[in-house]
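Student:
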Amino acid sequence: MKSQLPLSPSYGHVKACAACVLCDYTASSKLSTPFAFQRFDFSDQAFQAATRVITEGEQKLYLLEDALERITLARDNMRRVVQQHRNLLAPVQRLTDDVLLLIFRQLPQRSTEDGKHNSPWIASAVCKRWRDLSLSHPSLWVDILLEPRAEDSFQDIQLQCRRANLQLARTGACPLEMAIHLHAVYEISNVASALVSDTVRDLLASSHRCRALELNGQIPFDWDVVPEVLPPFKSLEMLCLEDDSWTRKPFFRNAPKLETLRLERLLLYKLLPVLCWSNISELTLDQCSSTVADFLEVLRLLASQLDGLVINQLWPVNDEDEQHAIAEQPFQPVHLPRLRCLNISSERHPGPSASLMQSIIHHTRAPNLSCLHVSHVTEDDFDALRQLICGDESDHKSRLKKLEIEKSKMGSKLLTLLPALGALVDLSIKSWRTTRHPDSVLDALRRRQQSTSPQHSLPEEETSEPDICPNLTKLTLSRMALDPGLLESMVRSRAKRSTKDFSAASPRFLEVVHLDKIKLTGSSSNIQWLEDMKRDGLLNLGSKKKLAS
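Just so you know, we're using this note's numbering here: the sequence shown kicks off at 124 and counts up by one.
(1) Given 6 angstroms as the limit, tell me if PRO157 has its C-beta closer than that to any heavy atom belonging to the ligand GDP.
(2) Going by beta carbon distance, what residues of the same chain come within less than 6 angstroms of VAL433, once the five residues before and after it are set aside?
(3) Let's see if you can read the secondary structure: which residues bound the alpha helix (DSSP H) around LYS117?
(4) Output the distance between the C-alpha atoms of SER580 and SER616, rounded to the nearest integer angstrom.
(5) Tell me the start and end of each unbroken beta strand (DSSP E) in the region 268–330 that is at least 3 residues and wholly inside, in chain order.
(6) Buried or exposed: where does ILE449 fall if 16 or more other Cβ atoms within 10 Å of its Cβ makes it buried?
(7) Is the region 341–359 in contact with the region 384–391, if contact means three or more CB pairs nearer than 8 angstroms?
(8) Report the start-end ranges of each beta strand (DSSP E) in the region 483–570 that is 3 residues or longer and not cut off at the edges.
(9) Look at the alpha carbon of LEU419 and the alpha carbon of THR501, and state the distance between them as a whole number of angstroms.
(10) Would you kindly work out how many angstroms separate the C-alpha atoms of PRO593 and PRO630, rounded to a whole number?
(11) On the DSSP letters alone, give me the boundaries of the alpha helix (DSSP H) that THR599 sits inside.
(12) What is the C-beta distance between GLN90 and SER478, in whole angstroms, given that I count them as a contact (C-beta under 8 angstroms)?
(13) On the DSSP letters alone, give me the boundaries of the beta strand (DSSP E) that GLU654 sits inside.
(14) Less than 7 angstroms separating the beta-carbons of LEU492 and LEU462?
(15) State the start and end residues of the unbroken beta strand (DSSP E) segment that holds ARG334.
(16) Confirm, please, whether the CB-CB distance from GLU300 to ASP266 is below 7 angstroms.
(17) Please tell me whether VAL548 and LEU598 are closer than 7 angstroms, where the distance is taken between their beta carbons.
(18) Could you name the residues of the same chain whose beta carbon sits closer than 7 angstroms to that of THR322, not counting the 5 residues immediately before and after it, in chain order?
(19) Quick check on the burial criterion: 16 or more other C-beta atoms within 10 angstroms. Buried or exposed for HIS208?
(20) According to DSSP, is ARG77 part of a helix, a strand, or is it coil?
(21) Just confirm the distance between the C-beta atoms of LEU537 and VAL564, as a whole number of angstroms; I'd bet it's less than 8 angstroms.
(22) When you compare the CB of VAL497 with every CB in chain C, is at least one pair closer than 7 angstroms?
(23) Out of GLN278, LEU318, SER329, point me to the one whose CA is closest to ALA302's CA.
(24) Apart from the five residues just before and just after ASP444, which ones in its own chain have a Cβ nearer than 6 angstroms to its Cβ?
(25) What residues match up with GLY608 in a beta bridge as DSSP calls it?
(26) Please name the residue, chosen from LYS530, GLU527, THR539, that lies closest to LYS679 on a Cα-to-Cα basis.
(27) What three-state label does DSSP hand ARG376 in the structure shown?
(28) How big is the Cα-Cα spacing for CYS363 and LEU282?
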């Protein structure tokens with residue numbers, strides 16, 4: 124193959140390389156200078172010699188750069204071909220379609236970066252076989268997300284709407300998992316808003332096929348996207364609603380399989396005739412508004428099947444709904460025999476929300492509760508909490524196994540609650556908000572009775588006091604001031620005395636201690652004994668962060 128490039132006269136008769144079209148690499152890659160051993164003296168001969176070097180060098184540089192470009196292209200093409208054939212030999216190519224489908228279904232449905240459902244799109248772009256396999260199984264496309272954002276361009280929003288419609292078309296008759304977020308719909312252009320409106324209308328028309336449905340943000344008043352009539356939600360198991368605009372029509376009354384319900388910033392009394400409450404076992408209320416009567420009415424509707432309840436800042440109804448906020452009357456307590464997990468977070472400072480939560484706690488009974496998390500509660504709430512988990516009988520022992528108290532003002536009221544927690548296994552206290560140190564709790568938890576192993580009796584005197592929390596095996600203390608002496612005395616009284624100690628029945632040994640951002644008071648701040656107990660196999664020190672004296 125002859126070169127089409129200008130060649131130096133000194134080697135123009137040599138055949139060019141087929142790969143780089145370079146005739147003589149050795150000659151073209153070297154350039155000598157006459158001034159290596161003599162000085163440039165600005166004479167005519169020196170100027171002529173320098174000019175020759177420049178002319179020859181520019182010619183060779185042109186040839187080398189063109190050769191490098193050709194060789195680089197050839198190298199990249201060769202790498203691509205080699206990688207293609209290496210992929211043919213990859214073990215994944217020998218997997219059957221059934222196994223590949225299992226892998227596709229295990230791919231994360233939404234990426235952590237932008238929340239988009241990329242998995243089926245990425246898998247279908249790998250090769251023809253994967254694309255055919257992805258397109259032939261509608262269940263891979265059921266997770267549909269529509270979330271226009273203020274920073275998105277019109278092209279991005281258009282692409283997102285097209286993806287949502289295309290996924291909807293590919294799902295066939297499979298149950299859907301759909302999420303529509305309209306938080307930024309007022310911040311996008313009118314053209315993009317019209318496009319999103321059409322897409323929301325198409326998605327809501329098929330929402331009765333959903334197994335899980337999230338509807339967040341406010342529907343603009345000029346949007347006509349909610350269908351007049353929808354078939355029953357026969358597959359709906361999880362529903363998340365934010366804003367009253369999604370409940371203008373009672374579509375969700377006919378949802379016999381609805382088990383998980385999350386409501387955010389909604390008026391509870393408006394939802395009573397709109398939703399199907401018959402089978403809900405998990406309820407989350409986040410910054411909703413209600414009266415005590417309406418909330419207790421919801422609990423009565425769920426009493427026979429409610430298993431988990433989360434309440435985050437429940438607010439009284441505002442002035443616009445004052446006609447519904449009638450004067451509260453004495454109510455009969457609501458009994459929740461199947462409630463296992465309860466999470467209560469009240470207002471940080473005393474106010475209407477805190478008063479409402481106190482009334483609700485006072486009128487609720489959950490004697491079979493096993494997990495309780497409370498945040499921002501006051502001393503006045505602890506008597507009601509004891510009644511909630513123990514019932515009205517004074518001698519009833521709760522079945523609570525895990526108690527988490529966070530950012531709360533407890534004072535001495537916690538001491539009246541602990542003796543009733545005979546089944547407690549895991550106790551977590553974070554950010555004790557009071558001027559007093561929580562030394563009284565450490566002293567109360569200190570085991571004074573004789574050890575279960577006769578040869579390992581504790582140094583404390585035996586008393587007739589009942590053992591508080593005899594089944595406690597895990598203790599977490601965070602963001603508080605502790606006396607290191609009381610801490611050591613309490614831990615040693617509950618931990619094993621030797622690796623031979625074993626107790627499967629009550630009282631059990633303390634096994635795990637977590638200390639996080641603890642301030643040590645008193646003259647001594649040495650807690651090396653914790654490390655020693657861990658080294659000796661007597662205790663598992665979960666964490667020990669930022670201890671200060």
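Just so it is clear, CB atoms sit at the ideal spot from N, CA and C, and this is done for glycine as well.
Tutor: Considering the structure as presented:
(1) The ligand GDP is not among the ligands present in this structure, which contains no ligands whatsoever.
(2) The residue you call residue 433 lines up with position 310 of the sequence shown. Non-local beta-carbon contacts of VAL433 in its own chain, meaning distances under 6 angstroms to residues more than five positions away in sequence, involve THR407, ASN466 in chain order.
(3) Look at the range of the chain in this structure, 124 to 672, and you will see that residue 117 is not part of it.
(4) Residue mapping note: residue 580 aligns to position 457 of the sequence shown, counting from 1. Residue mapping note: residue 616 aligns to position 493 of the sequence shown, counting from 1. Low confidence applies here, because SER580 scores a pLDDT of 42, under 50, leaving its location unreliable and the question unanswered by this model.
(5) Under the rule that a run must span 3 or more residues, the beta strand (DSSP E) segments found entirely inside the region 268–330 read 299–304.
(6) Along the sequence shown, one-based indexing puts residue 449 at 326. Residue confidence is low: ILE449 scores 47 on pLDDT, short of 50, so the model does not pin down where it sits. Its coordinate-derived value is still stated next. Label assigned to ILE449: exposed.
(7) No, the region 341–359 does not touch the region 384–391.
(8) Along the region 483–570, the beta strand (DSSP E) occurs as fully enclosed runs of 3 or more residues at 494–498, 525–531, 549–555, listed in sequence order.
(9) Taking the sequence shown and counting its residues from 1, one reaches residue 419 at position 296. Taking the sequence shown and counting its residues from 1, one reaches residue 501 at position 378. In this structure, the straight-line span from the alpha carbon of LEU419 to that of THR501 is close to 22 angstroms.
(10) For the purposes of this step, residue 593 is taken as residue 470 along the sequence shown, with counting starting at 1. For the purposes of this step, residue 630 is taken as residue 507 along the sequence shown, with counting starting at 1. Looking at the two C-alpha atoms, the distance is approximately 5 angstroms.
(11) The residue you call residue 599 lines up with position 476 of the sequence shown. Counting along the chain, THR599 falls outside any alpha helix (DSSP H), though it belongs to the beta strand (DSSP E) covering 597–605.
(12) Examination of residue 90 is not possible in this model, given that the chain is present from 124 through 672 alone.
(13) Here residue 654 refers to the residue found at position 531 of the sequence shown. From DSSP, GLU654 is part of no beta strand (DSSP E) but of the alpha helix (DSSP H) over 651–658.
(14) Translated into positions along the sequence shown, residue 492 becomes position 369. Translated into positions along the sequence shown, residue 462 becomes position 339. Yes, Cβ-Cβ distance for LEU492 and LEU462 is below 7 angstroms.
(15) Within the sequence shown, the letter at position 211 stands for residue 334. It spans 333–339 - the beta strand (DSSP E) in which ARG334 sits, taken as one unbroken run.
(16) Counting from one through the sequence shown, the residue named residue 266 turns up at place 143. Counting from one through the sequence shown, the residue named residue 300 turns up at place 177. In terms of Cβ geometry, ASP266 and GLU300 form a close pair [threshold 7 angstroms].
(17) Counting from one through the sequence shown, the residue named residue 548 turns up at place 425. Counting from one through the sequence shown, the residue named residue 598 turns up at place 475. Not in contact: VAL548 and LEU598 (Cβ atoms no closer than 7 angstroms).
(18) By one-based count along the sequence shown, residue 322 stands at place 199. Around THR322: LEU269, CYS284, ALA287, ASN288.
(19) Within the sequence shown, the letter at position 85 stands for residue 208. When all chains shown are included, HIS208 counts as exposed.
(20) The chain is shown from 124 up to 672; residue 77 falls before or after that span and cannot be answered.
(21) Mapped onto the sequence shown, residue 537 falls at position 414. Mapped onto the sequence shown, residue 564 falls at position 441. Contact holds; Cβ gap of about 6 angstroms.
(22) Judged by its chain identifiers, the structure shown contains no chain C, having just a single protein chain.
(23) Residue mapping note: residue 302 aligns to position 179 of the sequence shown, counting from 1. Nearest option by C-alpha distance: SER329.
(24) What you label residue 444 is simply residue 321 of the sequence shown in a count that begins at 1. Residue placement at ASP444 is poorly supported in this model, since its pLDDT is 49, which falls under 50; the coordinates still yield a value, given next. For ASP444, where only same-chain residues beyond five positions count, there are no Cβ hits under 6 angstroms.
(25) Here the question's residue 608 lines up with position 485 in the sequence shown. According to DSSP, GLY608 bridges with nothing at all.
(26) Absent from the model: residue 679. The displayed extent of the chain is 124 to 672, so no value can be given.
(27) Position 253 of the sequence shown, counting from 1, holds the residue named residue 376. Residue state, collapsed to three classes: helix.
(28) As a working mapping, residue 363 is identified with position 240 in the sequence shown. As a working mapping, residue 282 is identified with position 159 in the sequence shown. Straight-line Cα distance between these residues: approximately 25 angstroms.
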